[in-house]
Every structure is written in structure tokens, then in C-alpha cells.
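Here the sequence shown stands for residues 20 to 466, numbered as in our numbering. Built from N, CA and C at the ideal position, the CB exists for glycine as well. Here is the structure we will look at.
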Amino acid sequence: MAFTDVVSAGNCKLFYGATIITVNQKRQIICNGYIRVDCDRITAIGKCPYPDALPDGAREIDCRGKIIIPGLINTHAHLVQSLLRGLAEDLPLHNWLCDAIWPLEAVFEGEDGVNAANLTIMEMLKTGTTCFLDPMLTYRAGFDQICNTMGEMGIRGCLGKLVKFTETNRQLSISDPRDRDLLAMSIPELVKAHQTYHGSHDGRTHVWAAAGTPRGAPISQYLELGETCAAYGISATMHCAEAPRDREIYHDSYSCSAMEFIRGAKLCAAHKEEPKEKGTHNLVLAHMVNLDEEIDIPLLASTGTSVAHNPTSNLKLASGVAPVPAMLAHDPPVNVSLGTDGAPCSNHYDMFQEMHLAGILHKGVNHDAGLIPAETALEMATINGAKALGLDAEIGSLEEQKRQILWCSIHMAWEALELHLGLASSKVTRSALLQVLSMAVPVAMST
Ligand SMILES: [Zn+2]
Numbered sequence: 020m021a022f023t024d025v026v027s028a029g030n031c032k033l034f035y036g037a038t039i040i041t042v043n044q045k046r047q048i049i050c051n052g053y054i055r056v057d058c059d060r061i062t063a064i065g066k067c068p069y070p071d072a073l074p075d076g077a078r079e080i081d082c083r084g085k086i087i088i089p090g091l092i093n094t095h096a097h098l099v100q101s102l103l104r105g106l107a108e109d110l111p112l113h114n115w116l117c118d119a120i121w122p123l124e125a126v127f128e129g130e131d132g133v134n135a136a137n138l139t140i141m142e143m144l145k146t147g148t149t150c151f152l153d154p155m156l157t158y159r160a161g162f163d164q165i166c167n168t169m170g171e172m173g174i175r176g177c178l179g180k181l182v183k184f185t186e187t188n189r190q191l192s193i194s195d196p197r198d199r200d201l202l203a204m205s206i207p208e209l210v211k212a213h214q215t216y217h218g219s220h221d222g223r224t225h226v227w228a229a230a231g232t233p234r235g236a237p238i239s240q241y242l243e244l245g246e247t248c249a250a251y252g253i254s255a256t257m258h259c260a261e262a263p264r265d266r267e268i269y270h271d272s273y274s275c276s277a278m279e280f281i282r283g284a285k286l287c288a289a290h291k292e293e294p295k296e297k298g299t300h301n302l303v304l305a306h307m308v309n310l311d312e313e314i315d316i317p318l319l320a321s322t323g324t325s326v327a328h329n330p331t332s333n334l335k336l337a338s339g340v341a342p343v344p345a346m347l348a349h350d351p352p353v354n355v356s357l358g359t360d361g362a363p364c365s366n367h368y369d370m371f372q373e374m375h376l377a378g379i380l381h382k383g384v385n386h387d388a389g390l391i392p393a394e395t396a397l398e399m400a401t402i403n404g405a406k407a408l409g410l411d412a413e414i415g416s417l418e419e420q421k422r423q424i425l426w427c428s429i430h431m432a433w434e435a436l437e438l439h440l441g442l443a444s445s446k447v448t449r450s451a452l453l454q455v456l457s458m459a460v461p462v463a464m465s466t
């Protein structure tokens, strides 16, 4: 069945015969299951046959031989960088930024930003992503246009409006031509954008603060941002402790670790329960590769701060490998989600590739085949992403009253698995089923 057939069906749809990987609290997998969707919410889920009568005009969709998983959540995706794919190869992070990416982003004009965003969103939808967090929309990207086009395309998105303090720093040999637009990337401009667009498009547009990475700007400016986010309930994201040099900058310029800086600037909650009390103030830190592990991991956990893990980007830019197993093993664990980063640093926006890499990278680096099993990689791409964005009551798992489902057609992978195991689908083991996801190609989706 084509994508258009599914989305144009009536208000009530019944998907039946599928293997459903719910990612609910019990992590149930339902063989030969059904999902009923009324308008944009799941109203029933269980094992076939569906017990009740359907209303007139309801559409029944045969999903036999298919797997249904929750829509994937990309918690670090640069919308306007799809136009820059292939333009900054084989460079380490700081040269990649100063010599290629920032100068290119500084000359965006007219429709460049919105055209790039359209391309990126199409690529994300094609590969199963139904919600994302953009961590750095510059002034020249055209924030207003991007809000509007994102709403029209049907995806859910958290748009991080860049709040920037002077990043050009001669002492550190850093020059950022985007600094000429600092006035348009100020705290008052963030508040204005939040008041204008947050909650628009039936609640699918979320406006976040995207803090520029501290590279010498006074911490007092970040504190002003942290206090503004808390006062207005604006969630925030930031690139943090990405390259080895970033860790040195925290120590040399601020005499502290990355998370001590974040805590000092009040960008995170004082303790884990605070965001839930206030309702909307979340913090997602991208990368977190070069940390002071003994200081930063406990602080991440105790403040309820989430980490967006970007394994492809970290490898391509030679940043290193984030200590994700240590974050997950901490008591309480750090909430770790997944992101593809932008096209110039990962060459794709495909969360299946990111799940695959996250699932094998840490095994090899740590010589431990038990690390990041397939189920954990899927959790990072779904329910952990929803928690990071403060949206886990709405998305991230397949449960009654939640929004969004993703219909994955994996005919070839499924048949190959059955052939290999010589089993009927109902007997396929849980781990084998989850491993199939690394081969899956989603072809259709309903909202
Ligand atoms: Zn990034």
C-alpha cells in the first residue's frame, strides 16, 4: 500500500496482522496484533482479532508480514544543513566549523534555509522519523519560514532558535562570521519566537532555545539565558563537550567541567524532579564525548539532563566515542537518546543507521558484546527521545491515547529472517525480531 493511501484514509483506521513492537513500559511485542487509530490517536491496541465493530467508513489495513514500531525521534538534526552535504569532508571539528560550516551558514539567503529544511524533513520522514530536535537554527536560516513549512509537512519538531554570544575568539583562533547577526540571535528574539510559534500547528511545533557552545563568552550571559528559559518554560539544547578541545576550553576559560558550567549557568534543573514540577523546561546536551566522567555523569543523572548521542558524527569528525555505557550504567541512569546531527557531519538523517552504529560501536570499543543490545538502541531512538523532549506522554511508544504510529514494511528482511531461522513468525525470538530492525526500510506511515 502506498503512503498516500494510508494518510488519505478516513478518521478511523485499523492496522491488523502486524508484529507490533510497542516499546511500552512492559516492552511488549505483540505478534498478529492490531492498532486502532481514531484521528491522530491510538484508541486500541492488542492481539487480533479486533473485538469490536468498526464505524462506517473505517479503513482496515492489512499489515501481515510487517512490523509496526513507534515513530523514530531524532534529537539532534540540523534542518538547514542538507544543502551542505559533502562540502566539508575529512576535517576535525574546529576546522570543520571555522573553515567550512560557519562561513557557509553565514551566506544563506532568501529561500536557502526553507528549501534545505524541506529536503531534510523529507529524508527524515522517508526513513521513519516523525519527530526531531533542531539544535541550531541561525538567523539566516529563516526561522519564521521554517516554522511554517514544518507545520505544513505534518512532522512534529522542536526548533532550536540559536541564541548566540560572541564566539569569535582570537585567543582560541576561532572566527565565526555568523557573529555579525548577533542582535537577531538574542534572548529577546528567542522569547518573541517562543511566544509566536510555540504550540502552533495543533501543538506539533515546539520552540526551543539553542545555546551556542561556550568558547570564551562570559558565563553571566549563559546564566541570563538559563534564567530566561526557566522563567518562560522554554526548553534548551546545546552542543557540549564534543571535541577534545572543548573540554580544554571549559577548564581554561571557565575553570570547571562541562556540566559544572551548565549547572552554574542554570541551564539545567537544580535537581531531577524540577522539570516535571515546572512542566516544560528540559535540557538536551548533544555529543557529551569529552567529559570529566566522574563529575559530569553524576551531574547529568541528578539534574535529569538528557544526552543526544551522535555516533556517526563523532566518528567522522574524529571527536571520539561518548561514554554511553557508563551513562546508562549510572544509578540512576542518564537518559540517552539518538541523533544523526547534520548532513555535512554524518552524511545522512537516517535513524536506522544511527541505531545500527550505536548498537555495535560500544561493543567494539569496550570489548564487551553485551553493551547496547538492539532493544536499548531502539529505546534510545524512541521512548528515550520522547523523554528528552518532554513528550513521552504523547509519543515514543505504541500505547492507547498516544499519537503517531509508524508502519514499517520489512518484507525482505522478514522473509530472510524466517528462512534463516526456519520458524513461523509467531515463534521468532524477541532478540531476533529486534535485530531485524537494523535491516528495516520503512515505506509508509500514518500520523
Ligand atoms: Zn550538531
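Min CB distance residue i to chain D below 8 Å
i: LYS183; result: Among the protein chains of the structure shown there is no chain D, as only one such chain exists.
Paired residues, beta bridge with residue i - DSSP
i: THR38; result: ILE86
i: PHE151; result: ASN93, GLY176
i: LEU336; result: Bridge partners of LEU336: none, in fact.
i: ARG78; result: LYS32
i: SER325; result: VAL303
i: ASP57; result: CYS31, ARG60
i: VAL182; result: ALA230
i: ILE49; result: ILE39
i: ASN188; result: ILE193
i: ARG422; result: ARG60
i: LEU156; result: LYS180
i: GLY65; result: TYR53
Rounded straight-line distance, which links the Cα of residue j to that of residue i
i: SER338; j: GLY105; result: 18 Å
i: VAL210; j: ILE281; result: 20 Å
i: GLN164; j: THR256; result: 21 Å
i: LEU357; j: PRO233; result: 23 Å
i: ALA77; j: ASN30; result: 7 Å
i: LEU442; j: TYR273; result: Low local confidence applies: a pLDDT of 34 at LEU442 is under 50, so the model's placement there is unreliable, with the coordinate-based value given in what follows. Distance between the alpha carbons of LEU442 and TYR273 is about 59 Å.
i: LEU112; j: ALA377; result: 20 Å
i: HIS430; j: ALA37; result: Because the pLDDT of HIS430 is 37, which lies under 50, any placement of that residue in the model is unreliable, and the question is left without a value.
i: ALA119; j: ASP109; result: 11 Å
i: PHE34; j: CYS287; result: 41 Å
i: THR395; j: PRO342; result: 15 Å
i: GLY298; j: GLU142; result: Confidence in GLY298 is poor, its pLDDT being 45 and thus under 50, which makes the residue's placement unreliable; the coordinate value appears in the next sentence. One C-alpha to the other measures close to 31 Å.
i: GLU312; j: THR94; result: 22 Å
i: ASP198; j: CYS67; result: 58 Å
i: TYR216; j: LEU408; result: 17 Å
i: TYR269; j: GLU124; result: 25 Å
i: ILE414; j: PRO70; result: 25 Å
i: HIS367; j: GLY361; result: 7 Å
i: LEU436; j: ASN167; result: At LEU436 the pLDDT is 40, less than 50, meaning the model places this residue with poor confidence and gives no usable figure here.
i: HIS328; j: ALA412; result: 22 Å
i: LEU310; j: ALA345; result: 12 Å
i: LEU347; j: VAL355; result: 7 Å
i: LEU304; j: MET399; result: 14 Å
i: PRO352; j: PRO317; result: 9 Å
i: PHE127; j: TYR158; result: 9 Å
i: ILE193; j: LEU102; result: 24 Å
i: GLY170; j: THR148; result: 15 Å
i: GLU130; j: ARG223; result: 23 Å
i: ASP19; j: CYS150; result: Residue 19 is absent from the structure shown; the chain starts at 20 and stops at 466.
i: ILE61; j: PRO89; result: 11 Å
Bounding residues of the alpha helix (DSSP H) (the contiguous stretch that carries residue i)
i: ILE206; result: 206-216
i: CYS248; result: 238-251
i: LYS145; result: 131-145
i: HIS270; result: 263-273
i: ARG282; result: 277-283
i: PRO122; result: 121-124
i: GLY404; result: 402-407
Start-to-end residues for the beta strand (DSSP E) that takes in residue i
i: ALA230; result: 224-230
i: ALA9; result: The question about residue 9 has no answer here: the residues shown for the chain are numbered 20 through 466.
i: LEU304; result: 302-306
Whole-number beta carbon distance between residue j and residue i, since they are thought to touch under 8 Å
i: LEU32; j: VAL56; result: Note on residue identity: the sequence assigns Lys, not Leu, to residue 32. Indeed they touch by this definition, with Cβ atoms about 5 Å apart.
i: ARG266; j: ALA277; result: 7 Å
i: PRO122; j: PRO196; result: 5 Å
i: PHE162; j: GLY231; result: At roughly 15 Å, the Cβ-Cβ gap does not stay under 8 Å, so PHE162 and GLY231 are not in contact.
i: GLY132; j: ALA160; result: 4 Å
i: ILE92; j: LEU417; result: The Cβ separation is near 13 Å, so there is no contact.
i: CYS364; j: LEU336; result: 6 Å
i: ALA228; j: LEU244; result: 6 Å
Check your understanding: If you scan the segment 349-395 from start to end, which runs of the alpha helix (DSSP H) of 4 or more residues do you find wholly inside it?
Key -> You should have 362-365, 370-385.
**Study point:** Within 6 Å of ligand 2: residues by beta-carbon to any heavy atom
**Key:** As far as ligands go, the structure on display features ligand 1 and does not contain ligand 2.
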